[in-house]
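S.K.: Numbering-wise, this note's numbering puts 67 at position 35 of the sequence shown, and it's gapless, one number per residue. Would you mind keeping the following structure in view while I ask a few things?
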Amino acid sequence: MVTDNEVLEFFRGELSLAVTFTFKPIPIELDTPLQGYAEWDELPYAIDDFGEKYNVDVSVIDFEAYYPWERESVYRKWFTKEPIKQVSKPLTVRMFAESARAGRWLYD
Numbered sequence: 033m034v035t036d037n038e039v040l041e042f043f044r045g046e047l048s049l050a051v052t053f054t055f056k057p058i059p060i061e062l063d064t065p066l067q068g069y070a071e072w073d074e075l076p077y078a079i080d081d082f083g084e085k086y087n088v089d090v091s092v093i094d095f096e097a098y099y100p101w102e103r104e105s106v107y108r109k110w111f112t113k114e115p116i117k118q119v120s121k122p123l124t125v126r127m128f129a130e131s132a133r134a135g136r137w138l139y140d
């Protein structure tokens, strides 16, 4: 059976490590929105690799439900404390872990 931690480690290995302005590492967690964590040119490859490894048909994922995603600028917090209002749903590692256990994509 596929565990949450196994899928989390898979994505940690597939995606580049994000860092803060002071180069402090930001590890990916189960509920981290992948759209805000990974670069737009990196995430599709990781999702394809996930589909191959866990035998999940990722072609059924409706990416229009998850994009556009507003990324927060490092300077934004200096001017406002109000969070960015996202118009799209977050795409998380937990969603991929649950789908891997089910053997198919469960969301959208």
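C-beta atoms are modelled at their ideal positions from N, C-alpha and C, and glycine is treated no differently.
1) Residues in its own chain within less than 8 Å of S48 by CB, not counting five upstream and five downstream?
2) Going by C-alpha to C-alpha distance, which of N37, M33, Y139 sits closest to P90?
3) Would you decide whether G45 is buried or exposed? Buried here means 16 or more other CB atoms lie within 10 Å of its CB.
4) Which residue comes first and which comes last in the alpha helix (DSSP H) that contains V39?
5) Please list, in chain order, all residues of the same chain as L40 whose beta carbon is under 8 Å from its beta carbon, the five residues on each side excluded.
M.R.: On the basis of the coordinates in this document:
1) A70, E71, E74
2) A small fix is needed here, since residue 90 is Val in this sequence, not Pro. Measuring from the Cα of V90, the nearest candidate turns out to be Y139.
3) exposed
4) 36-46
5) I60, E61, L62, V125, A129
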